[in-house]
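A.B. asks:
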Amino acid sequence: MRVDELAPAPGSNKRAKRVGRGTGGKGGKTAGRGTKGQRARNTVRRGFEGGQMPLKQRVPKLKGFNNPFRVEYSPVNLHQLEKLGASTVDVDALVAAGLVRKGAFVKILGYGDLSIKVSLSVHAISAAARSAVEAAGGDVTIVPLPHEGEGKAGRPAVKGNQFANR
Numbered sequence: 011m012r013v014d015e016l017a018p019a020p021g022s023n024k025r026a027k028r029v030g031r032g033t034g035g036k037g038g039k040t041a042g043r044g045t046k047g048q049r050a051r052n053t054v055r056r057g058f059e060g061g062q063m064p065l066k067q068r069v070p071k072l073k074g075f076n077n078p079f080r081v082e083y084s085p086v087n088l089h090q091l092e093k094l095g096a097s098t099v100d101v102d103a104l105v106a107a108g109l110v111r112k113g114a115f116v117k118i119l120g121y122g123d124l125s126i127k128v129s130l131s132v133h134a135i136s137a138a139a140r141s142a143v144e145a146a147g148g149d150v151t152i153v154p155l156p157h158e159g160e161g162k163a164g165r166p167a168v169k170g171n172q173f174a175n176r
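Adding 10 to a residue's 1-based position in the sequence shown gives its number in the numbering used here.
1) Can you check whether the CB of A146 is closer than 9 Å to the CB of K127?
2) Is V143 near L124, with beta carbons less than 9 Å apart?
3) How would you write the range of the beta strand (DSSP E) that V99 sits in, first residue to last?
4) With a threshold of 8 Å, are at least 3 pairs of Cβ atoms found where one atom belongs to the region 78-92 and the other to the region 111-119?
5) Would G42 and V54 be called neighbours here (beta carbons separated by less than 9 Å)?
6) Starting from V143, trace the beta strand (DSSP E) both ways and give me its first and last residue.
7) Mark G60 as exposed unless 16 or more other C-beta atoms lie within 10 angstroms of its C-beta, in which case mark it buried.
8) What is the residue span of the alpha helix (DSSP H) that L94 lies within?
9) Whole angstroms is fine: what's the gap from T33's alpha carbon to R51's?
10) Under the three-state reduction of DSSP, which class applies to D14: helix, strand or coil?
11) Quick check: the region 62-77 against the region 87-105, are at least 3 beta-carbon pairs closer than 8 Å?
12) For N87, which residues of its own chain have a beta-carbon under 7 Å away from its beta-carbon, when the five flanking residues on both sides are left out?
13) Grab me the residues of A49's own chain with a C-beta within less than 8 Å of its C-beta, minus the 5 sequence neighbours each way, in chain order.
14) Could you compute how far the alpha carbon of S141 sits from the alpha carbon of K71?
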């Protein structure tokens with residue numbers, strides 16, 4: 011096959027219907043628009059429903075807002091740690107195992123059983139998971155989030171004033 015042999019599939023390029031070219035031809039005079047009226051003379055804007063309250067205005071506006079300071083954690087459960095079988099688990103080990111994505115904040119949750127002794131180094135852990143890890147003889151180290159405890163321009167955060175920490 012060569013470039014000069016390329017051609018569109020038969021019937022895929024359909025010619026546009028030429029209308030309004032004299033009363034004798036097909037599509038002449040009114041050009042398929044009927045007789046008289048707003049839509050015969052011109053077009054109406056998108057979403058126009060003939061004066062009826064449009065759907066865009068009928069539906070309610072969305073409420074609430076998206077918190078710019080929300081921290082999203084990637085959950086990892088105890089049964090996943092059990093299956094992993096490592097004695098030391100940190101964020102890099104979880105990324106290498108394919109349990110979380112690179113750069114994600116990790117939170118260990120308490121679903122499942124843990125029988126092996128494991129040393130955890132993660133961003134957050136639930137109370138149930140912490141007690142299960144410690145009951146199995148392991149220990150937990152919390153890794154601080156980037157810029158945690160810093161306020162504006164690197165100042166320490168002001169207690170009880172959310173607006174001063176922006």
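We put the CB at the ideal spot given by N, CA and C, even for glycine.
C.D. replies: Per the coordinate set shown:
1) As a working mapping, residue 127 is identified with position 117 in the sequence shown. As a working mapping, residue 146 is identified with position 136 in the sequence shown. Between K127 and A146, the gap from beta carbon to beta carbon is short of 9 Å.
2) Looking up residue 143 in the sequence shown gives position 133. Looking up residue 124 in the sequence shown gives position 114. A contact, by the Cβ cut-off of 9 Å.
3) For the purposes of this step, residue 99 is identified with residue 89 of the sequence shown, where counting begins at 1. It spans T98 to D100 - the beta strand (DSSP E) in which V99 sits, taken as one unbroken run.
4) Taking a contact to require three or more Cβ pairs closer than 8 Å, the region 78-92 and the region 111-119 qualify as touching.
5) By 1-based counting over the sequence shown, the position of residue 42 is 32. By 1-based counting over the sequence shown, the position of residue 54 is 44. Result no, Cβ atoms of G42 and V54 do not sit closer than 9 Å.
6) Start at 1 with the first residue of the sequence shown, and residue 143 comes out as number 133. No beta strand (DSSP E) holds V143; the alpha helix (DSSP H) holding it covers A137 to A145.
7) Taking the first residue of the sequence shown as position 1, residue 60 is located at position 50. So G60 ends up on the exposed side.
8) On the sequence shown, position 84 is the one that residue 94 refers to. Segment L88 to L94, the alpha helix (DSSP H) holding L94.
9) By one-based count along the sequence shown, residue 33 stands at place 23. By one-based count along the sequence shown, residue 51 stands at place 41. Looking at the two C-alpha atoms, the distance is approximately 17 Å.
10) In the sequence shown, counting from the first residue as 1, residue 14 sits at position 4. Here D14 sits in helix by DSSP.
11) The region 62-77 and the region 87-105 do not touch, with fewer than three beta-carbon pairs separated by less than 8 Å.
12) If you number the sequence shown from 1, residue 87 lands on position 77. Result list for N87: L119, Y121 and G122, in chain order.
13) Residue 49 sits at position 39 when you count from the first residue of the sequence shown. Correcting the residue type first, residue 49 is Arg in the shown sequence and not Ala. Here the set comprises R43.
14) Numbered from 1 along the sequence shown, position 131 holds the residue referred to as residue 141. Numbered from 1 along the sequence shown, position 61 holds the residue referred to as residue 71. Going by the C-alpha atoms only, they are around 45 Å apart.
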